[in-house]
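What follows is a single structure, written as structure tokens, with notes after it.
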Amino acid sequence: MSISNLLENWSQFRHTHPVEDKPHDPYKWAMTIDLDACSGCNACSVACYAENNLPVVGKEKYAHGQAMHWMRIEHYWDEDVGEEGGREFPDQGAQFLPMMCQQCEAAPCETVCPVGATNHTPDGLNSQIYNRCIGSRYCSANCPYKVRYFNWYDYPSTDNVWPAEMAQQLNPDVTVRGKGVMEKCTFCVQRLAEAKVKAKSEGRIVQDGEVQTACQQACPTSAISFGNLVDPESRVHRQWRAQQVELDKDKQAKDEKEGGTELRGYRILENMRPYPSVMYLERVRESAI
Amino acid sequence: MMDSGFDRRDFLKVMGWGGAAAALSGCGNTSIENGKETVVSYVEAADYVIPGIGVYYNSTCAQCDAGCSINGRVREGRVLKLEGNPASAINRGRMCGLGQAGVQHHYNPDRLREPLLRNGDKGEIITWEKAYALIAEKLKGVSGEEIAFLSGGVSGHLKVLLGNYLASLGCKNHFVYEALAPGVVRAANKKAYGVEMPRYNISKAKVVLSFGADFLGAWVSPVHFSQQYAQFRRSVDGQRGVLIQVEPKMTLTGANADRWVPIRPGTEGVLALGIINALGTSTGEIAAAVKGYDRARVSKETGVPPGQIDKIAAILKLRSPSLVLAGGAAEGYAHGSQNAAAINLLNHVLGNIGKTVEATAAVPFPQMAPAKGNTAALKSLNDGLAAGKYKVLFNYAANPVFTAPGALKFKDNLAKVGFKVAFAHYLDETALHADLVLPLDSALEDWGTLVPEYMAEGAQINIQQPLMENLHPNTRGIGDILLALLKQRRPEEYKNYEDYYAYLRTALVQNKTAFGGHAVDDETFWNETLTKGIVKLPGTTAALSGRAGVAGLKLPAPVENDEQYPLQFIPSVNISLRDGRNSNQPWLQESPDPLTTIVWDSWMEIHPKKAAELGIVEGDIVEVTSRVGSIKTQAYLFPGIHPDAISIPIGQGHEAMGRYAKGYGVNPFQIMDAVFDRETGELAMHETRVRVSKTGQRVIIVKDESAAGAKQIREKIAARVSTDNVDLSKEV
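Protein chains in written order, with the numbering used here: chain U, 399 to 687; chain Y, 4 to 735.
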């Protein structure tokens, strides 16, 4: 992709989806995470390791920020806890927030890839083509959520990552990535592909609940829902509608109102206009106690 | 299974009992490319082995004792991933991270593969025949009293078989030991409710007041409670449930509470009585017993502000039914039973019995009911060992050299046993001291029946079946080993059972009427049982019979300030590492602790205020010293802990076991005092007092959170809605 090509066809590389020539039909995969239900237990994260062949990098590489957790649990404390003059204890608990690729509709990572290794699929995924990736890491630099993970090492041949026995656990449906390749959450694209092929062979589209991501399937509090946003019957669609969150807007009904509102749905860093496909539901805390 | 035309013979073939499954040899992902291996297609594929297609089998998770049912994905004869079995009332298709890591136990490169006999400092590989013969030889002339069998919690047919074996030896010394069992709470529950573990109905409670019960993290049956919690949060009769957590060190559950109440360690019972007093609804002997516990005194003793006590009492009064839980942080004291009794009394006073504390279903076969592990068993075993009572010791599913408090000097006492046999998955700290180590099948290779201690709904027996052929040819199932040992003692009785599988099948099929299979033939019953992975039973319901008693309830005055050891030591339970038996699973090591996000290491949590007093900053290597000994670890400044306490998580600090466990962190059991609960004799885990000193070294803590310490900085990342009356049930 030359610079001239990029400049001449800018709108082709930088646009929000759906656009008329590339409609989300029949699928637009999206997710909702209820932070009031999420307990921060890490089950989703471990399930992701199991499903997606994520390498365990070990203490030293973890210290260098090279952990490969596609799904990580971020936790937040109130700002005034433990500060001078602030509250002594975090007496309203912590806030947990599962963070993974938000599958942005106008993904900042996509436009900067010099080789087009990361791009948008018709079903609304931000996909990563491993064998096209040259490891420039521009995408990671440009990702506001810091959810792209780079293979600094060749993990399959690194000691104790996948010793012979453990290699047998690797999911054959998912590529084992080599050195110099960027990777990230795929919304378990291998499961989506399987479900789509099955549905197509039966002459229908994928029904709600027919396909689950690994994190969603494991979640002990059922905080994660996932499905086809185009399908008006899907739970995700109904949730987004009920929360009045619209995919292609950068300001939602909730943001219009000051202070308290019944609406809990929001998307992270929406004001940067990446149009993420993940809606979070705010945590609720009781003030009577 | 019959419906889908899948019969037993084919099933066995898939599972390798028929010797099929040719695709198993060598599955390294590069060896074919390298030309070391050739791809051989199936000449005749076994049924249900379709290249590229995953097949699912039900079994039971063995990573902890909760008894979640799992659904394992098997492809080309290899188990790849575990999902929850939606048919189980315990986990309803859900899984925790610990459970997910079960495959890493199975495929662990450090698993034992051959029977080992001690030869000086080395283990010499021997055959199973020789191992069995050796056991028989060593048992010759040894009386039953001189034999001890140490195990973790056992249930189902394994418990029956083990009982029979011990009976054949004339041995009554079966020590059932679990390092983190809720032993005191069980005893207190038995008194207060008439059962050791009632059904806690979190989803029916409008308020949950938990005294250190980490039910979302590591307490009793966390996946089950997590689901109940999600329902509770959405709505209980039109109101979102409110969670109050009282504990000196914040657990995962505490981090999810609407109000986390830090309390002076050990005074949980005082607060419970204070709340009863503040409620002001009780009469008679209860009122008399709590009369002295007015706000001022309770606040002074517990450190909880008087206003907070009032608020708790007010919300409990306003919203009924509620549920009060006594957990690990409340029971870990010499007066732990008293604490738990006071807390359970709250449930009586609030009228929660029969509403949120319900009768539990029991499996109608008492011989299969779980033998629950506790820590009092460790003490009596240790006493026996110290007195040199035992000549032969068997050890299964327990690692006391790692989990016994340093003050017990268990390792030294263990050396007094003449012949020690360990049935083990890893060469862990205890197996390392054994004379004979026998390698076990993983839970994903073995047969079994398990009866969970905590029954979610009706009674159920969980089926454990192999999800794949043995990874290593020379490991054996514990059932098979016991059967072989029984055949030495009672050959006539057991000669008809070729293996444990045959025993299990016969035992279940013979009783199929009781297991709900009266209308079908044996074959169908057995296949259906394996397909479902769960036998649901009508079950007998043990009605609650306890009463609100205050007799003998006496809470000690708070501890005096100890100049030499000024801090209370809280050995905390990490959600994934628990008692350390799973520490060699790398996913768990790299799964950050939810509260600190620290990986691959131990740490000491200390309140920032106390840290400032001692001049400690994050990453300082500190020496934590108790009467028993000292350990060194990194300091982590954590506001979610009482300033009078410090905490180090359990599960790290292995000196053996395997490459992912050995050498990471420190083992807090080493500095633990041997103090026991006065009533039950259970180990009082929180009774150790320590002092902390800086060593002068400092490290950068390896953790997932940013250097800013996970504060919400300017950007609204996740807002918090505070409201008096929320109902989320209308939401989609």
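Where is the CB? At the ideal position from N, CA and C, for every residue including glycine.
Checklist line | Inter-residue Cα distance where the pair is Asn569 of chain U and Ala448 of chain U | finding: CA-CA distance, Asn569 of chain U to Ala448 of chain U, rounds to 8 Å.
Margin query: Check whether the stretch 551 to 570 of chain U and the stretch 589 to 608 of chain U are in contact - that is, three or more C-beta pairs closer than 8 Å.
Written below: No: fewer than three Cβ pairs fall under 8 Å.
Notebook entry, point to check: Using a beta-carbon distance cut-off of less than 8 Å, what residues from the stretch 204 to 228 of chain Y approach chain U?
Noted result: Those residues of the stretch 204 to 228 of chain Y placed with their C-beta closer than 8 Å to a C-beta in chain U are Leu219, Gly220, Pro225, Val226, ordered along the chain.
Next item on the list: For chain Y, find out if any of its Cβ atoms is closer than 8 Å to the Cβ of Asn626 of chain U; answer yes or no.
Entry: Chain Y, which has no Cβ nearer than 8 Å to the Cβ of Asn626 of chain U, makes this no.
Notebook entry, point to check: Where does Trp468 of chain U fall in DSSP's three states?
Noted result: Assignment of Trp468 of chain U by DSSP, reduced to helix, strand and coil, places it in the coil class.
Notebook entry, point to check: Can the beta-carbon of Pro561 of chain Y be found closer than 8 Å to that of Glu304 of chain Y?
Noted result: In this structure, Pro561 of chain Y lies near Glu304 of chain Y, with their beta-carbon atoms less than 8 Å apart.
Next item on the list: Kindly identify the DSSP beta-bridge partner or partners of Ala365 of chain Y.
Entry: For Ala365 of chain Y, the pairing in a beta bridge is given by DSSP as Y:Thr543.
Check: Does Glu486 of chain U have its Cβ less than 8 Å from a Cβ in chain Y?
Finding: Closer than 8 Å: yes.
Notebook entry, point to check: chain Y beta carbons: is any one of them nearer than 8 Å to that of Arg633 of chain U?
Noted result: At a cut-off of 8 Å, the C-beta of Arg633 of chain U has a neighbouring C-beta in chain Y.
Notebook entry, point to check: Taking only beta-carbon atoms, is Pro597 of chain Y less than 8 Å away from chain U?
Noted result: True, the Cβ-Cβ gap to chain U drops below 8 Å.
Notebook entry, point to check: Should Gly186 of chain Y and Glu685 of chain Y be called a contact, given that it needs their Cβ atoms to be closer than 8 Å?
Noted result: Contact flag set, yes.
Check: Does the stretch 118 to 132 of chain Y come within contact of the stretch 563 to 575 of chain Y, defined as at least 3 CB pairs closer than 8 Å?
Finding: Counting C-beta pairs with one atom in each stretch, the stretch 118 to 132 of chain Y and the stretch 563 to 575 of chain Y have fewer than three that are closer than 8 Å, which means they do not touch.
Next item on the list: With a 10 Å radius around its C-beta and 16 neighbouring C-beta atoms as the bar for buried, classify Asp296 of chain Y as buried or exposed.
Entry: The sequence as given places Tyr at residue 296 of chain Y; Asp does not occur at that position. Burial state of Tyr296 of chain Y is buried, judged by a 10 Å Cβ sphere holding 16 or more other Cβ atoms.
Check: Touching or not, the stretch 299 to 314 of chain Y and the stretch 257 to 266 of chain Y, by the rule of three or more beta carbon pairs under 8 Å?
Finding: Touching, yes, given that three or more Cβ pairs across the two stretches are closer than 8 Å.
Next item on the list: Give the residues of chain Y in contact with Met564 of chain U, contact being defined as C-beta atoms less than 9 Å apart.
Entry: The answer, in chain order, is Val106, Gln107, Tyr110, Asn111, Pro112, Pro589.
Margin query: How far does the beta strand (DSSP E) with Asp432 of chain U in it extend, from its first residue to its last?
Written below: First-last of the beta strand (DSSP E) with Asp432 of chain U: 427 to 432.
Notebook entry, point to check: Can you find at least 3 beta carbon pairs, one from the stretch 553 to 560 of chain Y and one from the stretch 239 to 253 of chain Y, that sit closer than 8 Å?
Noted result: Too few Cβ pairs lie closer than 8 Å, so no.
Next item on the list: Return no unless some Cβ of chain U is closer than 8 Å to the Cβ of Phe14 of chain Y.
Entry: Confidence in Phe14 of chain Y is poor, its pLDDT being 43 and thus under 50, which makes the residue's placement unreliable; the coordinate value appears in the next sentence. Not closer than 8 Å to any Cβ of chain U, the Cβ of Phe14 of chain Y fails to qualify, so no.
Check: What residues of chain U sit near Gln637 of chain Y, judged by a beta carbon separation below 9 Å?
Finding: Within 9 Å Cβ-Cβ: nothing; Gln637 of chain Y doesn't reach chain U, min ~12 Å.
Next item on the list: Determine the DSSP secondary structure at Val249 of chain Y, reduced to helix, strand or coil.
Entry: Strand at Val249 of chain Y.
Margin query: I'd like to know if Val58 of chain Y contacts chain U, where contact means its C-beta is closer than 8 Å to some C-beta of that chain.
Written below: Judged by the 8 Å Cβ criterion, Val58 of chain Y is not in contact with chain U.
Next item on the list: Take every Cβ of the stretch 490 to 501 of chain Y, pair it with every Cβ of the stretch 391 to 410 of chain Y, and state whether three or more of those distances are shorter than 8 Å.
Entry: Too few Cβ pairs lie closer than 8 Å, so no.
Note to self: Suppose only complete runs of 3+ residues qualify. What are the beta strand (DSSP E) ranges in the stretch 116 to 204 of chain Y, listed by chain order?
What the structure shows: Complete beta strand (DSSP E) runs here, min 3: 119 to 122, 125 to 128, 150 to 154, 177 to 179.
Next item on the list: Tell me where the beta strand (DSSP E) around Gln493 of chain U begins and ends.
Entry: DSSP places Gln493 of chain U in the uninterrupted beta strand (DSSP E) bounded by 493 to 497.
Margin query: On the CB-based measure, 16 or more other CB atoms within 10 Å of its CB, does Pro506 of chain U come out buried or exposed?
Written below: Label assigned to Pro506 of chain U: buried.
Next item on the list: Can you say whether Ile466 of chain Y is buried or exposed, counting buried as having 16 or more other CB atoms within 10 angstroms of its CB?
Entry: That one is buried.
Next item on the list: Pull up the CB-CB distance for Ala362 of chain Y and Thr544 of chain Y, whole angstroms please, since I reckon it's below 8 Å.
Entry: Contact flag correct, Cβ pair sits at about 5 Å.
Check: Is the Cβ-Cβ distance between Asp431 of chain Y and Asn402 of chain Y less than 8 Å?
Finding: Judged by beta-carbon spacing, Asn402 of chain Y lies within the 8 Å limit of Asp431 of chain Y, meaning their Cβ atoms are closer than that value.
Checklist line | Limits of the unbroken beta strand (DSSP E) element including Met677 of chain U | finding: Its beta strand (DSSP E) spans residues 676 to 679.
Notebook entry, point to check: With respect to the beta strand (DSSP E) encompassing Asp623 of chain Y, which residues constitute its N-terminal and C-terminal limits?
Noted result: Counting along the chain, the beta strand (DSSP E) containing Asp623 of chain Y begins and ends at 623 to 628.
Notebook entry, point to check: Closest to Tyr673 of chain U by CA distance: which of U:Gly522, U:Leu405, U:Asp489 is it?
Noted result: For the residues U:Gly522, U:Leu405, U:Asp489, the minimum Cα distance to Tyr673 of chain U belongs to U:Gly522.
Notebook entry, point to check: Where does Asp386 of chain Y land, buried or exposed, given buried means 16+ other C-beta within 10 angstroms?
Noted result: Its Cβ having fewer than 16 others within 10 Å, Asp386 of chain Y is exposed.
Notebook entry, point to check: By Cβ distance, which residues of its chain are closer than 7 Å to Gly656 of chain Y, with the 5 residues on each side in sequence left out?
Noted result: Taken in chain order, the residues that qualify are Ser605, Gly668, Val669, Asn670.
Notebook entry, point to check: If the cut is a Cβ gap below 9 Å, which residues of chain Y does Asp629 of chain U touch?
Noted result: Correct list: empty, because the minimum Cβ distance to chain Y is about 14 Å.
Note to self: Counting only beta-carbon separations shorter than 8 Å, does Val643 of chain U have a partner in chain Y?
What the structure shows: Closer than 8 Å: no.
Next item on the list: Quick one: grab the DSSP three-state call for Phe413 of chain Y.
Entry: DSSP, read as helix, strand or coil, puts Phe413 of chain Y in helix.
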